[in-house]
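According to this note's numbering, the sequence shown holds residues 1212 to 1749 in order. C-beta: ideal position from N, C-alpha, C; glycine also. A quick note: this is a predicted structure, and the numbers were derived from the prediction, not measured.
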Amino acid sequence: MGSFLRRSGQYSLRGAAVYTPREVPVSLAQRLPEELREFLSLPGPQSLLVRGAPGSGKTTLCLALLEAATGHRLLLTSRVSQAELQRGFPWLGENGGLQIQIVDTSNLDATVRDVGRTMVEAKRVVNETGVKNRELNEFLWLPSPVQEAWSRLPPDSPSIVVIDSWDALVEQYLGGVGTNHPDLPDRSEVERMLLRHLGRGRAHVVIVLERREESQLDYLVNGVVVTQREMGNDRLERWLQLPKLRGIRIANANYPYTVEAARFQCIEPIKAYTHMRRGPFEHEPDSMPAHVWPGSSAFAENFGRLPLGKITLIETDGDIQEHVLQLLLSPMISSVVSLGGRALLIPSPSLSAKEIWDSVHPGAPRQRLEQGFRVGDVTGQLETDAKLVAPELGKMVVPLGGLVPASHPPANGSPAPQTAVAQFLASGSTKGAPVLNVAYVQGFYSMASALGNPMTPEVVDNFPANVQAGLGSAPMHLVVVGQNGVPLFESLRSLAEIQIHLRARQGRVFVYGSMPWTSGLVLTEGTATIPYDLLRIV
């Protein structure tokens, strides 16, 4: 038991498995909530309780904490063997910079009864010499793996110890001992001894429990993390809660997260329009005839490319902000325009000229945008707005009259001339370049209202046939964005090739595919290399 009561070399430093995780990537800071990163930076001693149901990702979270911490790192584990741990988390053995010492606690070499018998002898010796040492006595009562971990920690430098799981270790150590043994400590006493001993060093200690319910430890430790799995929209979701972190301001108490590829990754809230990160669109890796590249590999991997002559429906709830939708839509527009194609946006009436311009101009050269991008002025005010706040967009705005055909055909009986929009889209299709039409349902309603032609039930009923006729006249893909329950949006469901649902929760945007069906995804902001990402919850 430690260096004091050693009966075997099972936990000796020589026998410990030492793995070296791969080099910490730049994105590591984003994998842990900001509050936990700040907690790790606090001076020790600090204690953190991680509790949650089995399979909720506690071990993966603890490995992320170990990787992000500084100083010495020790993992006391009884969940899996060293070989299983290395197979399940192969990245632990890939980097020589940060060493994690792993101690297998599954074969405990002494129970509390064994310690009790030894303590009787030790107490007799201590009494004969007149030496009283409460700290030593408490240390000897701790399970041997904990003693071993403490004996390896440097007294004057930062370190972190993860006990995964404390339930398994302490229950095996106590061996069924309860309050019927007044001479032996029970679990609550052992836990208090553990935390008192912690307070004499500089280590961060992470204690893992296999339960969501509160216990004595919730009140004794400095911080608490709760992990949970639940079902949302018939998909698995994982949530992390931060009920308590002493000394840390908790800005976000709830974080969705994923453990895909055995990596813990939390998802930060989407930022406001003025602070949102927008990356460049991604170029098409290979050509696929009769399809439009969506400008994002994340979109293509989950939903496929956009087939010509077909419709994509993006259904939103009322809490999805339109600048978030533009995060998804602008890479499609930029990709089409950069290839020399044509892209038309029928915007929501609440989208300002500046918001539209800010979403598209980083992705394509201005010359390409002037040639291949048009925005419908569905309210009659967008052109004026563009002149004031986004003059670059002004050349790309199509006035209200250019969006619809003339109400009366020419008197000589000749066919009515094409609208400005129809001419624009046809100029792209004749060259075989991709054509994309992105339309907000509210834009159609606003346009109808501005023209004095309300969306009557008859108009809504005939809308799918008009859409089919338009798709058949040119090789084009139509993306329609709208809210569930809006009649015009519902009328198009039967035509959709791709159907995607967006839901806002706790400042995040959850994305679910129903055609094709996908597991739960969460939209994250762009980086220097991608426009956005869709993190799969696994």
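Query                                                                                                                                                                            : Result
With DSSP as the reference, label Phe-1300 as helix, strand or coil.                                                                                                             : coil
Taking all protein chains shown into account, do 16 or more other C-beta atoms lie within 10 angstroms of the C-beta of Glu-1441, making it buried, or fewer, making it exposed? : exposed
Classify Lys-1606: buried if its beta carbon has 16 or more other beta carbons within 10 angstroms, exposed otherwise.                                                           : exposed
Which partner residues of Glu-1512 appear in the DSSP bridge assignment?                                                                                                         : Answer is none; Glu-1512 lacks a bridge partner.
Starting from Gly-1443, trace the beta strand (DSSP E) both ways and give me its first and last residue.                                                                         : 1434-1443
What does Val-1715 pair with, by DSSP beta-bridge criteria?                                                                                                                      : At residue 1715 the sequence reads Ala, which differs from the Val that was named. According to DSSP, which records beta bridges pairwise, Ala-1715 is partnered with Val-1720.
Would you mind sorting Thr-1667 into buried or exposed? The rule is 16 or more other CB atoms within 10 Å of its CB.                                                             : exposed
Given a cut-off of 8 Å, decide if Leu-1380 and Thr-1316 are closer than it, judged by their beta-carbon atoms.                                                                   : yes
In whole angstroms, what separates the C-alpha of Ile-1567 from that of Asn-1648?                                                                                                : 15 Å
In the DSSP assignment, find the beta strand (DSSP E) that holds Leu-1555 and state where it starts and stops.                                                                   : 1553-1557
Measuring CB to CB, does Val-1535 end up less than 8 Å from Lys-1565?                                                                                                            : no
For the alpha helix (DSSP H) containing Asp-1378, name the first residue and the last one.                                                                                       : 1377-1385
Leaving out the 5 sequence neighbours to the left and right, which residues in its chain are closer than 8 Å to Gln-1476 when beta-carbon positions are compared?                : Gln-1241, Arg-1242, Tyr-1468, Thr-1469, Val-1470 and Leu-1746
Excluding the 5 residues flanking Tyr-1466 on each side, which residues of the same chain have their C-beta closer than 6 Å to its C-beta?                                       : Pro-1244, Leu-1451 and Cys-1477
Measure the C-alpha to C-alpha separation of Ser-1399 and Ala-1360 and round it to an integer number of angstroms.                                                               : 21 Å
Quick check: the Cα distance between Gln-1439 and Lys-1455, rounded to an integer number of angstroms?                                                                           : 16 Å
Consult DSSP for Asn-1673 and reduce its assignment to one of helix, strand or coil.                                                                                             : helix
How long is the line joining the alpha carbons of Ala-1685 and Leu-1555, rounded to whole angstroms?                                                                             : 13 Å
Pick from Ser-1725, Ser-1570 and Ser-1730: whose alpha carbon is nearest that of Gly-1737?                                                                                       : Ser-1570
Across which residues does DSSP place Tyr-1584 in a beta bridge pair?                                                                                                            : Here residue 1584 is Phe; the residue named in the question, Tyr, does not match the sequence. In DSSP, Phe-1584 forms a bridge with Ala-1554.
If you reduce the DSSP assignment to three classes, tell me which class Glu-1349 lands in.                                                                                       : helix
Pick from Arg-1403, Pro-1369 and Ser-1426: whose alpha carbon is nearest that of Phe-1350?                                                                                       : Arg-1403
With the cut-off set at 8 Å, would you say Tyr-1723 and Arg-1345 are in Cβ contact?                                                                                              : no
Taking only the alpha-carbon atoms, compute the straight-line gap between Val-1417 and Gln-1532 and give it to the nearest angstrom.                                             : 38 Å
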